[in-house]
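Numbering of the sequence shown is given in full-length UniProt numbering, commencing with residue 1 and proceeding in unit increments.
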Amino acid sequence: MLALLTGLTHLGLVALLGGVLARRLWTPGWPRLWVPALGAGLLLLGWGGQLALTLSALGFTAPADVLVYLTGTGPGRSMLLALLGAALLLAAETGRWPWLALPLAAAVVVWGAAGVGHGAGHGVGVRALHAAHAAAMCVWLGGVLTLLRRGSPELARRFSPVAVACVLTLALTGLAMAGQHLRLPSAWTGTPYGQTLLLKLGAVAVTLGLALGVRRALARGQGLRAPLRREALGLLAVLALTALLVTQPPPAGHATHAAARLELP
Numbered sequence: 001m002l003a004l005l006t007g008l009t010h011l012g013l014v015a016l017l018g019g020v021l022a023r024r025l026w027t028p029g030w031p032r033l034w035v036p037a038l039g040a041g042l043l044l045l046g047w048g049g050q051l052a053l054t055l056s057a058l059g060f061t062a063p064a065d066v067l068v069y070l071t072g073t074g075p076g077r078s079m080l081l082a083l084l085g086a087a088l089l090l091a092a093e094t095g096r097w098p099w100l101a102l103p104l105a106a107a108v109v110v111w112g113a114a115g116v117g118h119g120a121g122h123g124v125g126v127r128a129l130h131a132a133h134a135a136a137m138c139v140w141l142g143g144v145l146t147l148l149r150r151g152s153p154e155l156a157r158r159f160s161p162v163a164v165a166c167v168l169t170l171a172l173t174g175l176a177m178a179g180q181h182l183r184l185p186s187a188w189t190g191t192p193y194g195q196t197l198l199l200k201l202g203a204v205a206v207t208l209g210l211a212l213g214v215r216r217a218l219a220r221g222q223g224l225r226a227p228l229r230r231e232a233l234g235l236l237a238v239l240a241l242t243a244l245l246v247t248q249p250p251p252a253g254h255a256t257h258a259a260a261r262l263e264l265p
């Protein structure tokens with residue numbers, strides 16, 4: 001259940017951030033505003049479910065306990081911050097605020113989201129790695145879905161360097177985070193976290209191969225829909241494994257939102 005709820009929040013981030021980015025940068029006016037709004041709703045649903053599971057496990061089910069958790073713990077405040085950023089991002093897009101408002105609001109969203117999962121129990125630097133990792137994944141998958149639905153060869157060529165930047169960002173931040181969470185070589189194969197991460201890396205490698213297939217099709221003037229569909233499915237598989245990974249405690253230890261210190265009257 002926790003992996004499913006986490007997956008909902010990841011999909012929410014993609015729909016929210018990727019949807020707004022596509023509307024402003026790639027395909028003006030598309031997707032419809034309900035897509036990023038749905039993304040914000042998935043964030044609320046996913047984190048609301050995680051909050052309910054956490055408080056139920058701790059034995060705190062009174063309405064006042066929810067407020068204490070949201071305002072008295074780091075993960076709770078991070079949820080509120082991300083939802084505030086989501087509201088600002090939707091307002092900026094709906095009201096056609098200046099372009100600068102969008103990356104600022106998006107930064108608030110990913111910074112808040114990074115404080116809910118494995119980035120919660122570490123310092124600012126590690127949390128920034130998680131935020132950059134999430135942002136790169138949202139831009140990459142959001143761009144691929146945009147190309148799949150409304151793409152053209154010209155748009156694919158414009159998106160190509162953006163996708164490369166996302167891949168490099170994911171690789172660098174992923175390696176840095178792995179160094180924080182897996183400090184012993186044996187942890188890669190001897191722990192559920194390490195094993196899940198290896199599965200995710202395998203899925204990433206396959207997806208990179210699929211992305212190269214898109215570039216080859218583009219260079220040869222072939223149809224892009226089929227290779228883009230395969231790349232999108234690969235990225236969704238990576239996203240699903242990421243959701244599963246977040247439910248596994250890293251061997252190096254950290255304070256997850258489920259284990260956050262909670263003092264209630």
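Ideal placement from N, C-alpha and C gives every residue a C-beta, glycine not left out.
Taking a C-beta distance under 7 Å as the contact criterion, GLY213 and PRO227 qualify as a contact pair. A straight-line Cα-Cα distance of about 15 Å links VAL246 and MET137.
Secondary structure at MET177: helix, using DSSP grouped into helix, strand and coil. Pairing GLY85 with GLY143, the inter-Cα distance amounts to about 21 Å. Within the segment 178-255, the complete alpha helix (DSSP H) runs of at least 4 residues fall at 187-190, 192-220, 225-246. Secondary structure of LEU33 (DSSP, three-state): coil. Shown here, LEU11 sits in a helix according to DSSP, grouped into three states. Judged by DSSP secondary structure, SER78 falls within the alpha helix (DSSP H) whose first and last residues are 74-94.
Straight across, the Cα-Cα distance linking ALA232 with THR61 is about 40 Å. Annotated three-state conformation of PRO153 is helix, per DSSP. LEU129 is positioned such that its CB atom lies no closer than 7 Å to that of ALA105. With fewer than three CB-CB distances shorter than 8 Å, the segment 18-34 does not count as touching the segment 47-67.
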